[in-house]
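Peer 1:
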Amino acid sequence: MSNTLFDNIWDRHVVKSISEGLDVIYIDQHFIHEVTSPQAFDGVRKRGVGVFRPSRCLATADHNVPTINQSEPIKDPESAKQVASLEKNCKEYGIELYSMGHENQGIVHIIGPDLGITQPGMTIVCGDSHTSTHGAFGAIAFGIGTSQVEQVLASQCLVLNRPKTLKIEVNGSLKPGVTAKDVILYIISQLGTEGATGYFVEYAGDVFRNFSMDERMTVCNMSIEMGARGGMVGIDQTTIDYVTERASISDKKINNWLALNSSEDSQFDRVIYFEGENISPMVTCGTAPDTGINLNAKIGSSKHLSDKALKYMKFDSADLISEQKIDYVFIGSCTNGRIEDLRAVAKIVEGKTKADHVNVWVVPGSMKVRAQAVEEGLDKIFAAAGFEFREPGCSACLAMNDDKIPAGSLCVSTSNRNFEGRQGPGARTILASPLTAAASAITGKVTNPTTIMEFA
Amino acid sequence: MKINSIAIPLPIDNIDTDQIIPARFLKQVDKNGYGQNLFYNWRFNEDGDVKESFELNKPERAGAEILVAGNNFGCGSSREHAAWAVAGFGIKAVVSSQFADIFKGNAYNNGILPVEVNPSTLEKIIEAITKKPETRIAVDLEKQEIAISEIDLKENFEISPFKKECLLNGVDETEYLINLKDAIEAYERKVATE
Numbered sequence: 455m456s457n458t459l460f461d462n463i464w465d466r467h468v469v470k471s472i473s474e475g476l477d478v479i480y481i482d483q484h485f486i487h488e489v490t491s492p493q494a495f496d497g498v499r500k501r502g503v504g505v506f507r508p509s510r511c512l513a514t515a516d517h518n519v520p521t522i523n524q525s526e527p528i529k530d531p532e533s534a535k536q537v538a539s540l541e542k543n544c545k546e547y548g549i550e551l552y553s554m555g556h557e558n559q560g561i562v563h564i565i566g567p568d569l570g571i572t573q574p575g576m577t578i579v580c581g582d583s584h585t586s587t588h589g590a591f592g593a594i595a596f597g598i599g600t601s602q603v604e605q606v607l608a609s610q611c612l613v614l615n616r617p618k619t620l621k622i623e624v625n626g627s628l629k630p631g632v633t634a635k636d637v638i639l640y641i642i643s644q645l646g647t648e649g650a651t652g653y654f655v656e657y658a659g660d661v662f663r664n665f666s667m668d669e670r671m672t673v674c675n676m677s678i679e680m681g682a683r684g685g686m687v688g689i690d691q692t693t694i695d696y697v698t699e700r701a702s703i704s705d706k707k708i709n710n711w712l713a714l715n716s717s718e719d720s721q722f723d724r725v726i727y728f729e730g731e732n733i734s735p736m737v738t739c740g741t742a743p744d745t746g747i748n749l750n751a752k753i754g755s756s757k758h759l760s761d762k763a764l765k766y767m768k769f770d771s772a773d774l775i776s777e778q779k780i781d782y783v784f785i786g787s788c789t790n791g792r793i794e795d796l797r798a799v800a801k802i803v804e805g806k807t808k809a810d811h812v813n814v815w816v817v818p819g820s821m822k823v824r825a826q827a828v829e830e831g832l833d834k835i836f837a838a839a840g841f842e843f844r845e846p847g848c849s850a851c852l853a854m855n856d857d858k859i860p861a862g863s864l865c866v867s868t869s870n871r872n873f874e875g876r877q878g879p880g881a882r883t884i885l886a887s888p889l890t891a892a893a894s895a896i897t898g899k900v901t902n903p904t905t906i907m908e909f910a
Numbered sequence: 776m777k778i779n780s781i782a783i784p785l786p787i788d789n790i791d792t793d794q795i796i797p798a799r800f801l802k803q804v805d806k807n808g809y810g811q812n813l814f815y816n817w818r819f820n821e822d823g824d825v826k827e828s829f830e831l832n833k834p835e836r837a838g839a840e841i842l843v844a845g846n847n848f849g850c851g852s853s854r855e856h857a858a859w860a861v862a863g864f865g866i867k868a869v870v871s872s873q874f875a876d877i878f879k880g881n882a883y884n885n886g887i888l889p890v891e892v893n894p895s896t897l898e899k900i901i902e903a904i905t906k907k908p909e910t911r912i913a914v915d916l917e918k919q920e921i922a923i924s925e926i927d928l929k930e931n932f933e934i935s936p937f938k939k940e941c942l943l944n945g946v947d948e949t950e951y952l953i954n955l956k957d958a959i960e961a962y963e964r965k966v967a968t969e
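So the protein sequences, as listed, match chains A and B. Positions in the first sequence are counted from 1; adding 454 to them yields this note's numbering. Positions in the second sequence are counted from 1; adding 775 to them yields this note's numbering.
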């Protein structure tokens, strides 16, 4: 019986074992952003210890930043203060920072991988629950609270309970129009928002093996939405190719990474199997990410839809989700703000225009993603379609900046959470893939992308 | 750590951290003042008026130090601001049948006790405090016990010995880690040679 990938990485990072299942774990990489770090920096300052390993930290401003006119000062004084505070703290403690205007700035979970900083076998944390994104590289990556941010700043370590392991295997092939986002929305709809609480997930099977790194990141990103501590994918040639294109890695190191992988006889605490053929394009219909249903279904077919959610969404359970008229489309976030997402959107909208009544925001995940999209001419396709192509940031995923969906408006969003008020007070959110979001922008109602796509 | 208090029932499953503290209130650079915005979208109307019918606003719940919530409390974002808001409102223990992992950790780190009970026990507690708001709940960390004497309810709850020690004896986890400096540096040297 061999260990799982999770066990292998965990065991290599134990600095001290406190008791059965409780360890002091060394953190290889700490990502930092402006919202969850100011109090942590204050903490280490008050303790007089400073930052233990600044070279293992990387910071960016993403949650608060405007997505238009980023070259101008932030108008909201509170947001401006948080970003200024991050700049001051990083300067004081010698931490690399990609703040507004820097060519490497972007959403923390987009830039880490894209800059070659996220690597297999690492332990990675950030004061942000979607840190699970980095697990796509075969890393243990998870979100932490601000007290823990302070602990990592002070000691590069955390006191952690060892989670249980859960393997989710999806085999077979996917139908046309079914993306990584649909796969993870499907899994969450099956498990529920608390279905994986206490577990660390490994995604295995053909479907994930055949995914690109961008697609694997979309899947791992939403692990937290079913309660999991994090999610990871085994290390293979796809992983190695992505990382070696961005960082110089020795053959010895690559071999060490590959040796970390789970094997056929690795023992997980729990294993769940799904078939790829059973997955259709998915959208959510309630106020939790587990309310995913396929695009041909009635709203009431979601087994996790509460009456409270139905009322908030102003839906009738007997109606088809695809009949719903929409007001906004948001394409972006750490879930779907990468270059492959923008390419997929451009492919479907090229030569088409958005419905008149819909506002469409395309927010790239980083300055690099934006530059790449411009280089490929995607910006022109968006402009011709009537989509607003903005500057990078978290934007309308959590609406901390001005990108708020007005109360009562219905938004098809490629982000990760449809909680009440998540995109602004009273905003109603439908989570979807970039393809579904793009198709819906064109028709003005929730739309199955396969109805307007041509497949090669 | 002993708490003996009336409680606020919030029998809604999957209360996420965006409800506990909406993102637009995360813009401070200190830990103060979040209590006034706890459950803001549920506590206040769009024009800022108090929603009288919401449990947190009812006069009979004033001064409660215990919140009793539906399953999977604190799911979603890692924002510790949620724990600061709960603590800032004066809550010292949250009772539920399950807590989301990150919130649970954040709660401990802010001296809030997450008390996990059986789903059937949770139902009984919610029924008791809903029927009679003056019902007092007793939580005893040392004994790891939650009790309502009026309805003869008594149940033990789990907590890791380390977290219990931290809460009971005021052990600061961060200081603990800082004091491990030699072991951490030894680990770094070991890894560097691999």
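By construction, the Cβ of each residue, glycine as well, lies at the ideal position given by its N, Cα and C atoms. For clarity, every value in this text was computed on a predicted model and none was experimentally measured.
Which of the three DSSP states, helix, strand or coil, is assigned to A772(A)?
Peer 2: Within the first sequence, numbered from 1, the residue matching residue 772(A) stands at position 318. Correct three-state label for A772(A): coil.
Peer 1: Just reading off the alpha helix (DSSP H) that L712(A) is part of, what are its end residues?
Peer 2: As a working mapping, residue 712(A) is identified with position 258 in the first sequence. It spans 705-712 - the alpha helix (DSSP H) in which L712(A) sits, taken as one unbroken run.
Peer 1: Apart from the five residues just before and just after N812(B), which ones in its own chain have a Cβ nearer than 7 Å to its Cβ?
Peer 2: Here residue 812(B) corresponds to residue number 37 of the second sequence, with the count starting at 1. Only I796, F800, A860 meet the Cβ criterion.
Peer 1: Does the beta carbon of V469(A) come closer than 7 Å to any beta carbon on chain B?
Peer 2: To locate residue 469(A), count along the first sequence from 1; it is residue 15. It does; some Cβ of chain B falls within 7 Å.
Peer 1: Does any residue of chain B bring its CB to less than 7 Å from the CB of D582(A)?
Peer 2: Stepping through the first sequence from its first residue, residue 582(A) is reached at position 128. Yes, D582(A) counts as interfacial toward chain B.
Peer 1: Using three-state DSSP, classify F932(B) as helix, strand or coil.
Peer 2: Translated into the one-based positions of the second sequence, residue 932(B) becomes position 157. Note: F932(B) maps to coil in three-state DSSP.
Peer 1: For a test of the three-state rule: what should DSSP assign to A910(A), helix, strand or coil?
Peer 2: Sequence index remark: in the first sequence, residue 910(A) carries index 456 (1-based). Confidence at A910(A) is low in this model, with a pLDDT of 48, below 50, so its placement is unreliable and the value that follows should be read with caution. If DSSP states are grouped into helix, strand and coil, A910(A) belongs with coil.
Peer 1: Would you tell me roughly how many angstroms separate the C-alpha atoms of E669(A) and I959(B), rounded to the nearest one?
Peer 2: Position 215 of the first sequence holds residue 669(A). Position 184 of the second sequence holds residue 959(B). Their Cα atoms are separated by approximately 35 Å.
Peer 1: Strictly by DSSP, which residues pair up with K867(B)?
Peer 2: Here residue 867(B) refers to the residue found at position 92 when the second sequence is read from its first residue. According to DSSP, which records beta bridges pairwise, K867(B) is partnered with nothing at all.
Peer 1: Compare the C-beta of I953(B) against all C-beta atoms of chain A and say whether one is closer than 7 Å.
Peer 2: Position 178 of the second sequence, counted from the start, is the residue given in the question as residue 953(B). Yes, its Cβ sits closer than 7 Å to a Cβ of chain A.
Peer 1: Classify A910(A): buried if its beta carbon has 16 or more other beta carbons within 10 angstroms, exposed otherwise.
Peer 2: Taking the first sequence and counting its residues from 1, one reaches residue 910(A) at position 456. Because A910(A) sits at a pLDDT of 48, beneath the cut-off of 50, its placement in the model cannot be relied upon, and the following sentence gives the value as read from the coordinates. Classification for A910(A): exposed.
Peer 1: Using a Cβ-Cβ cutoff of 9 Å, what residues of the stretch 785-812 of chain B are near chain A? List them in chain order.
Peer 2: Those residues of the stretch 785-812 of chain B that come within reach of chain A (Cβ to Cβ, closer than 9 Å) are I787, D788, N789, D791, T792, D793, Q794, P797, A798, R799, L801, K802, Q803, V804, D805, K806.
Peer 1: Beta strand (DSSP E) containing Q483(A): first to last residue?
Peer 2: Taking the first residue of the first sequence as 1, we reach residue 483(A) at position 29. Unbroken beta strand (DSSP E) run through Q483(A): 483-486.
Peer 1: Report the partner residues of A595(A) according to the DSSP bridge assignment.
Peer 2: Indexing the first sequence from 1 puts residue 595(A) at position 141. I578(A), per the DSSP bridge assignment.
Peer 1: Any idea what DSSP makes of V468(A), helix, strand or coil?
Peer 2: Here residue 468(A) refers to the residue found at position 14 of the first sequence. Note: V468(A) maps to strand in three-state DSSP.
Peer 1: Let me check understanding here. Comparing Cα to Cα, which of F769(A), V498(A), G786(A), T600(A) lies closest to I780(A)?
Peer 2: Residue numbering aside, residue 780(A) sits at position 326 when the first sequence is read from its first letter. It is F769(A) whose Cα lies nearest to the Cα of I780(A).
Peer 1: Residues of the stretch 690-719 of chain A with a CB closer than 9 Å to any CB of chain B: list them in chain order, please.
Peer 2: Of all residues in the stretch 690-719 of chain A, N710 have a Cβ within less than 9 Å of some Cβ in chain B.
Peer 1: When the Cα atoms are used, what is the spatial distance from T807(A) to I793(A)?
Peer 2: Translated into positions along the first sequence, residue 807(A) becomes position 353. Translated into positions along the first sequence, residue 793(A) becomes position 339. Those two C-alpha atoms are separated by around 21 Å.
Peer 1: What's the C-alpha gap between A857(B) and F878(B)?
Peer 2: Position 82 of the second sequence, counted from the first residue, corresponds to residue 857(B). Position 103 of the second sequence, counted from the first residue, corresponds to residue 878(B). Roughly 8 Å separates the two Cα atoms.
Peer 1: From E827(B) to A837(A), what distance separates their C-alpha atoms?
Peer 2: Reading the second sequence from its first residue, position 52 is the one you call residue 827(B). Reading the first sequence from its first residue, position 383 is the one you call residue 837(A). Straight-line Cα distance between these residues: approximately 48 Å.
Peer 1: Is there a C-beta anywhere in chain A that falls below 7 Å from the one on C850(B)?
Peer 2: Counting from 1 along the second sequence, the entry for residue 850(B) is found at position 75. Yes, contact with chain A.
Peer 1: Going by DSSP in three states, A494(A) sits in which element: helix, strand or coil?
Peer 2: Translated into the one-based positions of the first sequence, residue 494(A) becomes position 40. Three-state DSSP puts A494(A) in a helix.
Peer 1: Name the one or two DSSP bridge partners that P993(B) has.
Peer 2: Look at the range of chain B in this structure, 776 to 969, and you will see that residue 993(B) is not part of it.
Peer 1: Using a beta-carbon distance cut-off of less than 8 Å, what residues from the stretch 625-648 of chain A approach chain B?
Peer 2: Residues passing the 8 Å Cβ filter: T647, E648.
Peer 1: Could you check whether the Cβ of A967(B) sits closer than 7 Å to any Cβ belonging to chain A?
Peer 2: Reading the second sequence from its first residue, position 192 is the one you call residue 967(B). It does not: the Cβ of A967(B) has no partner Cβ on chain A nearer than 7 Å.
Peer 1: Going by beta-carbon coordinates alone, are T910(B) and E604(A) separated by less than 7 Å?
Peer 2: Against the second sequence, residue 910(B) aligns to sequence position 135. Against the first sequence, residue 604(A) aligns to sequence position 150. Not a contact, by the Cβ cut-off of 7 Å.
Peer 1: Would you check if the distance between the CB atom of K938(B) and the CB atom of Q493(A) is smaller than 7 Å?
Peer 2: Looking up residue 938(B) in the second sequence gives position 163. Looking up residue 493(A) in the first sequence gives position 39. Not in contact: K938(B) and Q493(A) (Cβ atoms no closer than 7 Å).
Peer 1: Using a Cβ-Cβ distance cut-off of 7 Å, determine whether T521(A) contacts chain B.
Peer 2: Here residue 521(A) refers to the residue found at position 67 of the first sequence. No - not a single Cβ of chain B is within 7 Å of the one on T521(A).
Peer 1: Which residues, in order along the stretch 520-554 of chain A, keep a beta-carbon less than 7 Å from a beta-carbon of chain B?
Peer 2: Of all residues in the stretch 520-554 of chain A, E532, S533, K535, Q536, S539 have a Cβ within less than 7 Å of some Cβ in chain B.
Peer 1: Would E874(A) be called buried (16 or more neighbouring beta carbons within 10 Å of its own) or exposed?
Peer 2: As a position in the first sequence, residue 874(A) is number 420, starting the count at 1. Result: buried.
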